[in-house]
Amino acid sequence: LVFTVFIPSLCIYSFLNPFHHPHSSSFLSALHFHFLPSLRHQKWEEISVMDERNTPMRTYQVCNVMEANQNNWLRTRHISREGAQRVYIEIKFTLRDCNSLPGVPGTCKETFNMYYYESNNANLWFIKESQYVKIDTIAADESFTQVDVGDRVMKLNTEVRDISNLSKKGFYLAFQDLGACIALVSVRVFYKKCPLTVLNLAQFPDTITGGDTALVEVHGVCVNASEEFEPPKMYCSADGGWLVPIGRCVCKPGFEENKDICQPCRPGTYKASATDAYCTKCPPHSSSPQEQAVECICEKGYYRADTDPRSMACTRPPSAPENPITTVNETCVTLEWSPPRDTGGRGDITYSLHCRKCSGDGRKCAPCGSSIHFVPRQFGLASATVLVTDLQPDSNYSFTIESQNGVSDLSPTPRGSVVINVTTSQTVSVVLKERRSKDSVTLAWQGPERPNGVIVEYEVIYYEKNQREQNYTVLKTRSNMMTVDGLKPGTTYVFRVRARTDGGYGSYGGEIELETSHEGCGLILHCGYIKAKQDPDEEKMQFQHVKLPGSRTYIHPHTYEDPNQAVRDFAKEIDASNIRIERVIGAGEFGEVCSGRLRVQGKREIYVAIKSLKAGYSDTQRRDFLSEASIMGQFDHPNIIRLEGVVTKCKPVMIITEFMENGSLDTFLKKHDGQFTVIQLVGMLRGIASGMKYLSDMSYVHRDLAARNILVNSNLVCKVSDFGLSRVLEDDPEAAYTTRGGKIPIRWTAPEAIAYRKFTSASDVWSYGIVMWEVISYGERPYWEMSNQDVIKAIDEGYRLPAPMDCPVVLHQLMPKFGQIVTILDKLIRNPASLRELANSSAWSDAPTPDFSVSTVDEWLEAIKMGQYKENFSSAGYVSLDSVLYISVSELAKMGVNLAGHQKKILSSVQSLQTQGTHVQV
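Per UniProt numbering, the very first residue in the sequence shown carries number 1; after that it's consecutive.
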């Protein structure tokens, strides 16, 4: 009754046969079958037949169905696993329907068994039947009958099985027939691998997948002229696909990236740093005649300072300062000038002064020495003005003012300078004219012998003796005499006089003390402050919290001076005799969690969850334990866990909440993997979003929204829980990243909350996105087995969780506020057809970027919201839009722009400037 079908012969190929990206598989070494001589009833036969094209082929067949107790074995030779931990076996076979065989006893089978034996020995001839490990019992989807044989109808079955966690050099496959009519057509043994690929200038080799669902971490090697920016790595998944690229290589200086390779910069371009993306055109007044330039050479007469960015134009020293002006004030002189007409293309102009004291005829001059002083300084002045003090009166000075910039020291030519000559004024001789009265004094004086210019006026200053700091008077006149009136009788005054010429003020003359006559008397006035009496109604202002109609605001329990008052305000006290504890269902931070019943007066008993505070607690632990009740008691929403009350007047202290039969959402989803419709899953998500909208409207930020903190009741209603203010996350395996404020559940936390501990309703929305991913993937762990540090790096580099299998695209696109989330999910539930399109097959496109025009560096920085760096750019010499066209990451870092996000934003806008002129993308 052996039936031969004309199909390809049994074979295993020894060559590699990679599939298309992202999956790849490799066939294992050549497979040869032979019979096991020590076993009874060896009925397998190697049959040579002709196919429909009369081509010879061979099959292995057995069909000994007329005798009972069949035990026929067929085994391969040793198959090397080639490092694979998981191997797949694909078998193709035909099987005869027992009912189509007349007279066959009831022992006829329509299945056969497949086994394997793992061994380091490649030459085993005999293996005991008991040593084999069973892979599976194989049954046919389609069997053939005698009619099929006549019609030559092929009913070929294909089955694939796998062997996991292999560790020895290889294995043997065996097929056991227990009384069926079978023809083995082909057996293909292979393993899966992630194929060799190049990503982010890093090459990742062929990598055999790990066992089960484990990810294999693979480190990449930088290609040709590139170097590591951050160690590149990816994860090889169990199905042969690459996941989660982290890190990258960058082209070395002088090279730029082009289709996964680094090519040299062309003549006329350069790249100074490996962190720069592309080669850029040489800045003005420079060139690069050869390929692979790391900087451009300055033209003759132009220079680049060591601190200048390589992208900055070459510059030259400035011309001389212009329009010098002097103002003499006694033995001080103020020097002012205008900036040079030609700045040399730079914005870092400074000035230095050199002083020389000259003879009366100006023929002999010598350095001034250290006796004079410059305010604010003599060298490196940023402003075009300086005050020179401690000069000698009636002396001639020559001041040379030099202008310089960052490349002045590199130029062999003298610096641009201007000379100012100054003569200090003489003092005025004061003579008392014999005329004074009880309230006035007449003064007369002689002017300077050699004034510094034409005398414009005289200045008289006087004050009561010993009271100069308290009160003095200044009078001015063009005459060389003055009568001072309004003085006090019998009072001594001090008088001083100086001249002002068109070159400035001269020195004050010697002090003269004069006393008025004693006739008459004076009136002394006493001045003070009278403190007004404060209105008693203004001494205290009490602000009372006023609730608007229909609105509620969350009140933080820690705002209460007495935490017990917060519990009394927001939680109902329950008599412990009304509670019946039935069983322990878990453990909380402060003690056990039990289920039980609560008897409510006038109502039937209800199921509740009971959190108890363990014995030996401190006052702080009691406060923190009850703070959760103070928070929950403020909420009243069908998707927020409901507080029934607290027990605080006896021990143990307890918090009583409604009982959720199905426990936490993540455990519930894993237990029922694939058992819900997409509408049911969206309904769960809608409930969570509705609860979070309620919390958001009350200005409450959850901070730890995750599927493990969502509870599910018997009607699949999801409710937000876990409102502890001081949750101790040290024992939580998810809270593995420490900041100064405690530990954070990295996989559910928004980037700004990780970096700055900035928790808002927006960060709760991020966490909700992770919860959506958990729900659609039936409780799969976010970011799989990646370390928390790798998760942080991946998110910072723009990686986001891919859409789970069979995820509707409309859910994958959902990223607004909680109020909008609830509205959108309601629409999706009412319109199930919108959930048919899956995110895995959708195409995505970026939204258009707004733009507008700018004309200065300051306007440009304001436009891209980087105005805080105006001074950084100005100090570095970037004073025009042209000067920023070739800026790089390394130069931004030197300027103090160290945040990666700010660097990226600035460089992106620079590229826009290069292509669009001053039409800047924001």
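Using N, Cα and C, we set each Cβ at its ideal position, and we do this for glycine too. This one's a predicted model, so the numbers in the text were calculated from it and none came from an experiment.
For F668, the enclosing alpha helix (DSSP H) covers residues L665 to K671. Residue ranges of uninterrupted beta strand (DSSP E) with 3 or more members, entirely inside the region 60 to 136 and ordered along the chain, are 72 to 76, 87 to 95 and 111 to 119.
Taking C-beta separations shorter than 6 angstroms and ignoring five residues to either side along the sequence, the partners of K109 in its chain run L178, G179 and A180, following chain order. Assignment of beta-bridge partners to Q404 by DSSP yields T350. Straight-line measurement puts the Cα of M772 at about 13 angstroms from the Cα of P816. Residue environment for E129: exposed (fewer than 16 other C-beta atoms within 10 angstroms of its C-beta). Listed in chain order, the beta strand (DSSP E) runs fully inside the region 225 to 262 are 226 to 236, 242 to 251 and 255 to 257, counting runs of at least 3 residues. Secondary-structure assignment with DSSP links N396 through a beta bridge to C358 and T423. As the crow flies, the alpha-carbon of F255 is around 50 angstroms from that of A689. As for any alpha helix (DSSP H) of minimum length 4 sitting wholly inside the region 765 to 846, the runs are 788 to 796, 809 to 812 and 818 to 830, ordered along the chain. With respect to the C-alpha of I208, the residue from L173, Y172 and N165 having the closest C-alpha is N165.
DSSP, read as helix, strand or coil, puts I372 in coil. Between the C-alpha atoms of L711 and I656 there is a straight-line separation of about 15 angstroms.
Per DSSP, F495 is one residue of the beta strand (DSSP E) stretching across T492 to T501. Restricting attention to I795, T423 and S595, the CA atom closest to the CA of V584 is found in S595. As DSSP reads the structure, Y463 sits in a beta bridge with V494.
At the C-beta level, A707 and E644 stay beyond 8 angstroms of one another. Across the structure, R310 and D790 are spaced so that their CA atoms are roughly 34 angstroms apart. Per DSSP, reduced to three states, the secondary structure at W748 is helical. The beta carbon of E752 sits closer than 7 angstroms to those of K758 and S763, all from its chain and outside the five residues before and after it, given in chain order. In this structure, the alpha-carbon of S880 lies about 6 angstroms from that of V857. When the five nearest sequence neighbours on each side are left out, the beta carbons in the same chain lying within less than 6 angstroms of the beta carbon of N421 are those of S398, in order along the chain.
Residue pairing of A587 in beta bridges, as defined by DSSP: E592. For the 8 angstroms CB-CB criterion, L685 and L899 do not form a contact.
The beta strand (DSSP E) runs of length 3 or more contained entirely in the region 297 to 336 are, from start to end of the chain, 322 to 329.
The Cβ neighbour count for T326, taken over all protein chains shown within 10 Å, is at least 16; the residue is labelled buried.
Remark: C-beta atoms of M692 and V720 approach each other more closely than 8 angstroms. In the displayed model, K611 falls within a strand according to three-state DSSP. For C194 and W73, the gap between their C-alpha atoms comes out near 35 angstroms.
Partner residues in the beta bridge of P367, as assigned by DSSP, are R356. Distances from the CA of T94 to each of R75, S119 and A140 were compared; the closest alpha carbon is that of A140. If you draw a straight line from the Cα of P448 to the Cα of I401, it is about 30 angstroms long. When beta bridges are read from the DSSP output, C194 appears opposite T207. Distance from the CA atom of P324 to the CA atom of Y505, rounded to whole angstroms, is 18 angstroms.
Exposure of I679 is indicated by the presence of fewer than 16 other C-beta atoms within 10 angstroms of its C-beta. In this structure, S186 is the residue among N578, R500 and S186 with its C-alpha nearest to the C-alpha of T158.
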